[in-house]
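S.K.: Input: one structure, supplied below.
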Ligand SMILES: Cc1cc2nc3c(=O)[nH]c(=O)nc-3n(C[C@H](O)[C@H](O)[C@H](O)COP(=O)(O)OP(=O)(O)OC[C@H]3O[C@@H](n4cnc5c(N)ncnc54)[C@H](O)[C@@H]3O)c2cc1C
Ligand code: HEM
Ligand code: HEM
Ligand code: SF4
Ligand code: F3S
Ligand code: FES
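Residue numbers (the working numbering), protein chains in the order written: chain Y, 1330 to 1966; chain C, 469 to 687; chain A, 215 to 467.
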């Protein structure tokens, strides 16, 4: 397998212009002759389907939920970055680019990131025109807030619902195309197979989640915008239906999977309260602006927080990182919390949480001022945990939040399978080993609205693609394969529910491949996961039939893919012996215990190629070079 | 002309258009009732004044036109109300097994169709006894009114009807404002209680008349 | 066993064409920190192991933002917790031995798919009728060309908070979708970007709303009380105004 990123020639600033100029165009009158399948209706998918529809292509758009408006992009809270420099604080495309490459710990492609920063401004213009109610100041102009990893204010937001508002904007554009008939939206469909004809992606098989029927759709190109796979950890801030299924089918059909071990863990989530828990809720990072993070100095201290005197508290972030204090980046804050919990100083019934205390802030600024900023977050926390953060400190713990890894794509967002494109969180993305806050929304919208319309036309116009219909026998084979999986799951009739086995898998992954990873642990998990997978196929219980609305079956199908993905993540984590971004190898750290990158050995993308059932996948590398953003070791002391 | 018909049809068959028509006619009826109440106050002044007022009304050449107009308003209001209500019933074919209000509904709003239908029955009786008759003796219409109000069942029937009217308007008045989109952060909080107060006032003011005739008036 | 025991009465219905009925179940070990859906998970895990068909219910984000969950709990759409979606209701309010009745959203416009799952695609079709601003990718002007007064932007955001869950329909005695339509019409009418198409939008969204079989609004205000996102009745007033205005200003095509 050859990994050719197809980065355009010329200076960094002109690469995207260059590519758009080089890309062949499809004559407007011919566009409706091209069928494009877009899987997913998040920011990336809805954006792509809408803008391709506007151009005149014949688009089919699928999603799992009952409406495209419910894709998990809806849950993003904080904001979206753009290099508008409205606050006049020295921001520029160049600075957004540099911050993103650095934030990603120098494991992203410079050309892609630069393009992302260039497009960021058009995103704000477009979303404003779509009616997204961004926050405004009294002069009626757009307001900005500051976010982690940057010294400028460049984050646009719509209260705490930025993702929702952006998605509803993209959804409305999609609905407009649906009304015009150029996009056909099929909700409650889950893609279960990718169909290749002559080595090119020419269609998908999906399961109609209401009737259980397998449906085949053919097209000239397929775009996957199916989101992240954080749910491999069972508990995450992702929605229940977030899955790796579509990407995993593509991987098994020859698309390389890049950097699967790059997962982001968010430090401020509401901690786990028991095994019943089905998801973790994110509390905005902004809380760390005023809250102080601490644990008791003494391990196993079970006194209530109020009764622990000041000198018996360990404000461990302030202690370890005097200059950044409670505001260190996500990965650093998360790991520090894990360290103290591992030492037995964790608080709460599970001993797996740390305090985030507003006592001093309330004393300093008054309750009213603090409520003004965080009132709704306090109420949300209070509602979920029944503890009032105005009286007792909040308890927080890190949780899986985002996956930087995904299908490998070239500069045109095409995977290693010709005609198969991958957008949004599902691709291995522009965030390197760690994503900055407010950059995922930007990437999803850039991919969907602005990049794919240009690069897809290059593919469609540049290739001679014969007509393929869903009657083609490749579709029958794919349907057969999918049906076989369904029937097999239904026939096991074992003793454990899919959710139960999924929970065990998640526990393993969190333990051995979560915030800290080491060789011994990874090897142990690598031995255990295949056993669990075997148990799954022998002992899972799926009730009902395949020809019905069957949520247990859906869950089982997704869990089956996670079993396989977990193994790949572990392999990738084992091979990457350096620490970088969200990937912390305990063997690779500075004398002070901080993450230590190994640029000589690992300044590359690792892309895995499937070799068939039972054979180990092959690791390919795409070297990364940094000419404009020079690598340096991060330090927050 | 054709275009105008299309526009009217578009409006008059849509849910919002119909409810605005119901609200407009409802408010017109409220207007009529205000006038009717003012005129009826003459009851307290005695036979002469009341009969004089009635004769004055009867002598107006335009009266039949106005009465037909009033009839049209009533019929429109009733038709729209029945049409909307019928559709609303069909919009939930399967009822809830357990139903609990979250506090939005009021007695008035929940009973609009029933209070309305009751008022319809009342009106048929009222108009046929007070309007569609010829007063034979010199007591005139005043005599007719007072005579009817000597009967306890009639007074009770009137009081029931006026309670229904009060309920109907307790929701209807403020609702009509909302239906026309009269909404302002400072005004809306006032409209609700004002509508309610108005409804109570109207019902009470009308209600005093049969009571006065029955209990206090002595020839 | 820790946790409480509950009696559940749950609406079971095989498919759109089948008759449904309430069926009784018992669950135990329910902890106060559980969400309502996690309580149903407990029941379903038990049913699966007994080889029975688990209860189908819609859910996805489980944090109150996607609008997918849609339960009527003891007669209240999205339950009694204030400002909460079904998934955000907590089990804390229940005592050992309590009986809880769970039904689907009921409306002609929301036919039942299975058990507690309903089909809300009518909302998508209403959106298709005009819940958008017609601007093609690439043609937007610079965002700061059009300032928007802050109070209008805020009011637009208040309306835009709608998650499209349909609880307003479920709660409305007339099964009317007016609050949902009003939220979108208001949001876009308040912003100058959306004002260009305001007449067309109001007329066609209402036309579609009526076609879908939703009832008519008689200002019952149950929708506002049930809405998990605090969408206000004033939006319906604004919609009524917009509709009247559009009816007068828009000539017959
Ligand atoms: C709680 C939370 C808060 C966040 N906050 C921020 C923030 O403040 N700023 C920021 O920039 N980023 C944030 N993020 C990250 C960001 O929201 C996501 O990365 C981004 O929205 C992903 O968009 P997407 O379009 O790639 O995928 P998604 O929005 O996840 O959409 C995936 C789509 O694919 C469909 N799909 C998936 N699999 C299949 C299949 N097999 N068949 C058919 N359809 C399928 C789904 O139905 C869905 O429509 C946050 C994420 C979370 C979880
Ligand atoms: C309780 C006190 C009321 C009294 C004493 C009263 C009295 C009268 C009288 C005397 C007439 C005949 C007028 C005439 O011939 O000149 C009349 C007519 C009428 N009343 Fe009343 N009325 C009362 C309440 C109501 C109410 C509550 C309504 C409506 C709900 C109503 C509706 C009408 C109508 C529609 C007419 C016919 C008017 C017309 O044809 O010109 N009345 N009423
Ligand atoms: C005395 C005469 C009446 C008066 C003054 C009156 C007044 C009103 C008013 C002001 C409204 C509010 C409209 C709105 O909500 O926007 C209303 C609604 C209604 N009325 Fe009447 N009404 C009268 C008689 C009737 C009758 C006879 C009926 C029944 C057949 C009726 C049935 C209704 C119904 C069902 C509504 C609710 C419709 C809606 O809100 O859209 N009313 N009425
Ligand atoms: S208006 Fe409220 S209740 Fe209705 S769909 Fe929107 S969020 Fe749900
Ligand atoms: S409850 Fe129904 S009647 Fe109108 S105000 Fe709300 S839609
Ligand atoms: S599951 Fe998303 S709002 Fe309840």
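Note that CB positions come from ideal geometry on N, CA and C, so glycine has one too.
Every value quoted in this text rests on a predicted model; they were computed, and no experiment measured them.
#1: Taking all protein chains shown into account, decide if residue 543/C is buried (16 or more other Cβ within 10 angstroms of its Cβ) or exposed.
#2: Once DSSP output is grouped into helix, strand and coil, what is the label at residue 157/A?
#3: Since residue 1487/Y meets chain A, which of its residues come closer than 9 Å, beta carbon to beta carbon?
#4: Within 10 Å of its beta-carbon, does residue 577/C have 16 or more other beta-carbons around it, so buried, or fewer, so exposed?
#5: Could you run through the stretch 1557-1580 of chain Y and flag, in chain order, every residue whose CB is less than 9 Å away from some CB of chain A?
#6: Considering only the beta carbon of each residue, do residue 1871/Y and residue 1895/Y sit closer than 8 Å?
#7: Report yes or no: is there a C-beta of chain C within less than 8 Å of the C-beta of residue 289/A?
#8: What does the shell around ligand 5 hold, if a residue joins when its beta-carbon is under 7 Å from any heavy atom?
#9: Run through DSSP, which three-state label would residue 546/C get?
#10: Should residue 644/C be counted as a contact of ligand 3 given a C-beta to heavy atom distance under 7 Å?
#11: Within 7 Å: the Cβ of residue 609/C and any heavy atom of ligand 2?
#12: With 8 Å set as the bound, which would you pick, yes or no: does the beta-carbon of residue 1703/Y sit closer than that to a beta-carbon of chain A?
#13: Relative to chain A, which residues along the stretch 1363-1388 of chain Y have a C-beta separation below 9 Å, given in chain order?
#14: Check for me: the beta strand (DSSP E) holding residue 673/C runs from which residue to which?
#15: In angstroms with no decimal places, state the Cα-to-Cα distance between residue 626/C and residue 590/C.
#16: Looking at ligand 6, does it come within less than 7 Å of residue 377/A, judged from the CB to the closest heavy atom?
#17: Between the stretch 568-593 of chain C and chain A, which residues of the former have CB atoms less than 9 Å from a CB of the latter, in chain order?
#18: Can you find a C-beta in chain Y that's less than 8 Å from the C-beta of residue 235/A?
#19: Using Cβ-Cβ distances below 7 Å, what residues of the stretch 1498-1512 of chain Y are close to chain A?
#20: In its own chain, which residues sit with a C-beta less than 8 Å from the C-beta of residue 609/C, not counting the 5 before and 5 after it?
#21: Alpha carbon to alpha carbon, how far is residue 1886/Y from residue 1574/Y?
#22: Hey, does residue 318/A have any beta-carbon neighbour from chain Y nearer than 8 Å?
#23: Work out the CA separation of residue 1403/Y and residue 1543/Y for me, nearest whole Å.
#24: Does any heavy atom of ligand 3 sit closer than 7 Å to the C-beta of residue 636/C?
#25: Work out the CA separation of residue 1690/Y and residue 1703/Y for me, nearest whole Å.
#26: Here's the rule I'm using: 16 or more other beta-carbon atoms within 10 Å means buried, otherwise exposed. How should residue 2005/Y be labelled?
#27: Specify, as a first and last residue, the run of the beta strand (DSSP E) that residue 315/A falls within.
#28: Would the stretch 1769-1786 of chain Y count as touching the stretch 1567-1585 of chain Y if we require 3 or more Cβ pairs under 8 Å?
#29: Starting from the C-beta of residue 508/C, find all residues in its chain whose C-beta is less than 7 Å away, skip the five residues before and the five after it, and write them out in chain order.
#30: Of all the CB atoms in chain A, is at least one closer than 8 Å to the CB of residue 1420/Y?
#31: Express the C-alpha separation of residue 1377/Y and residue 1522/Y in angstroms, rounding to a whole number.
#32: Which residues bound the beta strand (DSSP E) around residue 224/A?
#33: Tell me which same chain residues have a C-beta within less than 7 Å of the C-beta of residue 1451/Y, skipping the five on either side of it?
#34: Within the continuous alpha helix (DSSP H) that includes residue 1623/Y, where are the two ends?
#35: For the alpha helix (DSSP H) containing residue 1699/Y, list its first residue and its last residue.
#36: Suppose you measure from the CA of residue 364/A to the CA of residue 1469/Y; what does that come to, to the nearest Å?
M.R.: Taking the geometry as given:
#1: Your numbering for residue 543/C matches position 75 in the second chain. Exposed.
#2: In the structure displayed, chain A extends from 215 to 467; residue 157/A sits before or after that span and is not available.
#3: In the first chain, the residue the question calls residue 1487/Y occupies position 158. By Cβ distance, chain A contributes 371 and 374.
#4: Start at 1 with the first residue of the second chain, and residue 577/C comes out as number 109. Flag for residue 577/C reads buried.
#5: 1566, 1567, 1568, 1569, 1570 and 1571
#6: Looking up residue 1871/Y in the first chain gives position 542. Looking up residue 1895/Y in the first chain gives position 566. No, the Cβ-Cβ distance between residue 1871/Y and residue 1895/Y is not below 8 Å.
#7: Taking the third chain and counting its residues from 1, one reaches residue 289/A at position 75. By this cut-off, residue 289/A is an interface position.
#8: 572/C, 382/A, 385/A, 386/A, 387/A, 388/A, 390/A, 392/A, 393/A, 431/A, 432/A, 433/A, 434/A, 435/A, 436/A, 437/A, 438/A, 447/A and 450/A
#9: Position 78 of the second chain holds residue 546/C. The answer is helix: DSSP assigns residue 546/C an H, G or I state.
#10: Looking up residue 644/C in the second chain gives position 176. At least one heavy atom of ligand 3 is nearer than 7 Å to the Cβ of residue 644/C, so yes.
#11: As a position in the second chain, residue 609/C is number 141, starting the count at 1. Yes, the Cβ of residue 609/C comes within 7 Å of a heavy atom of ligand 2.
#12: Your numbering for residue 1703/Y matches position 374 in the first chain. For residue 1703/Y, the answer is no, since every Cβ of chain A falls outside 8 Å of its Cβ.
#13: 1376, 1379, 1380, 1383 and 1384
#14: In the second chain, counting from the first residue as 1, residue 673/C sits at position 205. Premise fails: residue 673/C lies in the alpha helix (DSSP H), 656-679, not in any beta strand (DSSP E).
#15: Translated into the one-based positions of the second chain, residue 626/C becomes position 158. Translated into the one-based positions of the second chain, residue 590/C becomes position 122. Approximately 8 Å between the Cα atoms of the pair.
#16: In the third chain, the residue the question calls residue 377/A occupies position 163. Because some heavy atom of ligand 6 lies under 7 Å away, the Cβ of residue 377/A counts as near it: yes.
#17: 568, 569, 570, 571, 572, 573, 574, 577, 578 and 580
#18: As a working note, residue 235/A is residue 21 in the third chain. Taking Cβ atoms only, chain Y never reaches closer than 8 Å to residue 235/A, which makes this a no.
#19: 1501, 1502, 1504, 1505, 1507 and 1508
#20: Within the second chain, numbered from 1, the residue matching residue 609/C stands at position 141. The answer, listed in chain order, is 518, 519, 522, 598 and 603.
#21: What you label residue 1886/Y is simply residue 557 of the first chain in a count that begins at 1. What you label residue 1574/Y is simply residue 245 of the first chain in a count that begins at 1. Approximately 8 Å, taken between the alpha carbons.
#22: Here residue 318/A is taken as the residue at index 104 of the third chain, counted from 1. With 8 Å as the cut-off, residue 318/A does not count as an interface residue toward chain Y.
#23: In the first chain, residue 1543/Y corresponds to position 214, counting from 1. In the first chain, residue 1403/Y corresponds to position 74, counting from 1. If I take the Cα positions, the gap works out to 28 Å.
#24: Indexing the second chain from 1 puts residue 636/C at position 168. Checking every heavy atom of ligand 3 against the Cβ of residue 636/C, one is found closer than 7 Å.
#25: Taking the first residue of the first chain as 1, we reach residue 1703/Y at position 374. Taking the first residue of the first chain as 1, we reach residue 1690/Y at position 361. When rounded, the distance between both Cα atoms is 12 Å.
#26: Not covered by the structure: residue 2005/Y. The range shown for chain Y is 1330 to 1966.
#27: As a working note, residue 315/A is residue 101 in the third chain. Residue 315/A -> beta strand (DSSP E) spans 313-318.
#28: no
#29: Indexing the second chain from 1 puts residue 508/C at position 40. Only 677 meet the Cβ criterion.
#30: As a working mapping, residue 1420/Y is identified with position 91 in the first chain. Not closer than 8 Å to any Cβ of chain A, the Cβ of residue 1420/Y fails to qualify, so no.
#31: Working through the first chain from its first residue, we reach residue 1522/Y at position 193. Working through the first chain from its first residue, we reach residue 1377/Y at position 48. So the alpha carbons of these two residues sit roughly 21 Å apart.
#32: Stepping through the third chain from its first residue, residue 224/A is reached at position 10. 218-226 is the span of the beta strand (DSSP E), which, as asked, contains residue 224/A.
#33: On the first chain, residue 1451/Y is found 122 positions in, with the first residue counted as 1. Excluding sequence neighbours, residue 1451/Y sits near 1779.
#34: Translated into positions along the first chain, residue 1623/Y becomes position 294. Not the alpha helix (DSSP H): residue 1623/Y falls in the beta strand (DSSP E), residues 1621-1625.
#35: Locating residue 1699/Y in the first chain gives position 370, where the first residue counts as 1. From DSSP, the alpha helix (DSSP H) with residue 1699/Y extends over 1696-1714.
#36: Taking the third chain and counting its residues from 1, the one referred to as residue 364/A is at position 150. Taking the first chain and counting its residues from 1, the one referred to as residue 1469/Y is at position 140. Whole-angstrom Cα-Cα distance: 5 Å.
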